[in-house]
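Quick notes on the structure that follows.
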Amino acid sequence: MTPVTEATPAVKLTDRINRIEPSATMAVVAEADKLRQQGIDVVDFGAGEPHFATPQHIKDAAIAAIQANFTKYTAVGGTAELRDAIVHRHAVDFDSDYRREEAVASTGGKHALFNAIQVLVDHGDEVILPVPYWVSFKDIVRYAGGNCVLLETDEAQGFRVTAEMIERLVTPRTKLIILNSPCNPSGAVMSPDDLTEVVRMATQRGIWVVSDECYVYLNYTGKRFSVGSLREYRDRMVIIGSLSKTYAMTGWRLGYALAPAQIISAMTKLQGQSTSNPTSIVQKAAVAALKGPQQCVLDMRAEYIQLRDHVVNGLRAIPGVKCTLPEGAFYAYPDVSAFFGRGGVKSASDIAGKLLREAHVATVPGEGFGTAEHIRVSYATSIAELNRGLERMRKFLGAL
Ligand SMILES: Cc1ncc(COP(=O)(O)O)c(C=O)c1O
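Residue numbers (this note's numbering): 116 to 515.
The following block contains the structure:
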């Protein structure tokens, strides 16, 4: 075997892999982990995942699946039982009318999103993406060869996105609009009227809408809404869903897409040449989640509302920090630009870096989400942990 030495020539990687960057969120998780391995007590506001355990009836279904030897390959896009459960849950909760052929199960919502973008976006196509955006949208579009056209929003208007704002960016090359409500990182929620107008405009202009609804059940406005209920516009829509946040199942990796059968069939073809089916055992657990009691979802949502109010009040109490009330998901997105120029910090990245290394609080800098003034604070943790982190932030920022 040839030993790897310093003289080993650099590997020529493909253009497409060089077009994308590692996820900013994953980078924070990795750095926080390193500190923890050194024995440092880090308060983690970085991770984008529920602090709840997966509900017992879902775990039981997975254990039963193993005992019953449901451990072989399944149909690439998931079992008929699972796709029916996905369609059923969505119909009950959002009054949609998808059929089994219009649903595919994938290894997480990110995987479903990746496949959808790969089958819709070609080289040179333009994709309209509201700012702030979840880190992976941009890189997944770039991997497909598309160009993101960023739609700036105004925090004073709650990061509102309207059809008129989007329409101003439309060109003959516009292929797709990505919506994400509730939004990671801002927690902003689009109103049903704004969502309807965007989808109507897109359909009229022959533009696709990918609606990432991974946080659709964590909407605190009281007006839970999926564009999937707009049946008349379904021909141009791809809905991305996930069990990760809804049922506290991030590690299980189960997401899905609902879309016209032709798109689902193309996504399934791609999946069939890459990962094949999501894990068989997880599919059984997912059926239990989707068809079982939904009280766990409501209970977790109620707790997130309390945590949100607690963290937003705590952040607002720190002099210099501004924080819009997030209406969904489990992130606060405070503006920390008042601290730029103090104590050698020039950017949100500097603040997040120093917060982690000096105050041992993990947050994610806004640059990765397209805004330079914010840091993302995940409040999916206990009140006690929020208090510990807020106290460290207050001391650290106060000393800048
Ligand atoms: C907006 C958004 N979409 C999709 C995902 C992907 O979730 P998963 O792949 O765990 O289903 C995430 C995860 O953080 C997210 O925040």
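No residue lacks a Cβ here, since even glycine has one placed at the ideal position from N, Cα and C.
Beta bridge pairing from DSSP links ARG491 with VAL479. In this structure, the C-beta of SER389 stays at least 7 angstroms away from each heavy atom of ligand 1. Placement of the Cβ of THR365 at a distance of less than 7 angstroms from at least one heavy atom of ligand 1 is found. Per DSSP, ILE433 has no beta-bridge partner at all. With 16 or more other CB atoms across the displayed protein chains lying within 10 angstroms of its CB, HIS226 is buried.
In the pairwise beta carbon analysis, the stretch 372-382 is classified as not touching the stretch 419-433: fewer than three pairs are separated by under 8 angstroms.
Taking non-hydrogen atoms of ligand 1 into account, the C-beta of SER357 is found less than 7 angstroms away from one of them. Considered as a whole, the stretch 147-220 harbours 171-182, 195-209 as its complete alpha helix (DSSP H) runs of no fewer than 4 residues, in chain order. The continuous alpha helix (DSSP H) containing TYR258 extends over residues 250-258.
For LYS225, the secondary structure class from DSSP, reduced to helix, strand or coil, is helix.
Secondary structure note for LYS384: its alpha helix (DSSP H) is the uninterrupted segment 376-387. Short note on CYS329: C-beta closer than 7 angstroms to some heavy atom of ligand 1.
Ligand 1 has no heavy atom closer than 7 angstroms to the beta-carbon of ASN334. When the alpha-carbon of LEU385 is set against those of PHE229, ALA168, PHE209, the nearest one is in PHE229. A heavy atom of ligand 1 is found nearer than 7 angstroms to the CB of TRP249. Note on geometry: alpha-carbon atoms of LEU358 and ARG368 lie some 8 angstroms from one another. Contact between LEU373 and HIS205 holds: their C-beta atoms lie close to 6 angstroms from each other, under 8 angstroms. Taking the Cβ atoms as the reference, GLN398 lies roughly 6 angstroms from THR189, within the contact range of under 8 angstroms. The closest CA to that of GLN409, considering only ILE466, THR186, HIS172, is found on HIS172. Note on VAL250: 16 or more other CB atoms within 10 angstroms of its CB, so buried under the neighbour-count rule. Three or more Cβ pairs closer than 8 angstroms define a contact, and the stretch 197-204 falls short of that threshold against the stretch 435-446. Remark: fewer than three beta-carbon pairs, one from each stretch, lie closer than 8 angstroms, so the stretch 210-225 and the stretch 269-280 are not flagged as touching. Looking at the DSSP output, ILE293 sits in a beta bridge with VAL325. Of the candidates PHE445, PHE209, VAL451, VAL451 places its Cα closest to the Cα of PRO480. Its Cα nearest to that of SER344, the residue VAL314 stands out among TYR362, ASN334, VAL314. Of the other Cβ atoms in all chains shown, 16 or more fall within 10 Å of the Cβ of ARG198; this residue is therefore buried. ALA363 and ALA404 have their alpha carbons spaced roughly 10 angstroms apart. HIS238 counts as exposed, since fewer than 16 other beta carbons sit within 10 angstroms of its beta carbon. In the structure shown, the three-state DSSP call for VAL353 is strand. Cα atoms of ASN299 and ARG275: separation of roughly 14 angstroms, rounded to the nearest angstrom.
Following the DSSP letters along the chain, one finds GLU500 inside the alpha helix (DSSP H) bounded by residues 498-513. The Cβ atoms of PRO297 and TYR330 sit closer than 8 angstroms to each other.
Here the C-alpha atom of ILE354 lies approximately 23 angstroms from the C-alpha atom of THR140. Apart from the 5 residues on each side of it in sequence, ALA231 sits with its Cβ closer than 8 angstroms to the Cβ of VAL325, VAL353, ILE355, ALA372, ALA374, ILE378, MET382 in its chain, given in chain order. Note on geometry: alpha-carbon atoms of HIS166 and PRO287 lie some 44 angstroms from one another. DSSP lists SER221, SER357 as the bridge partner or partners of GLY370.
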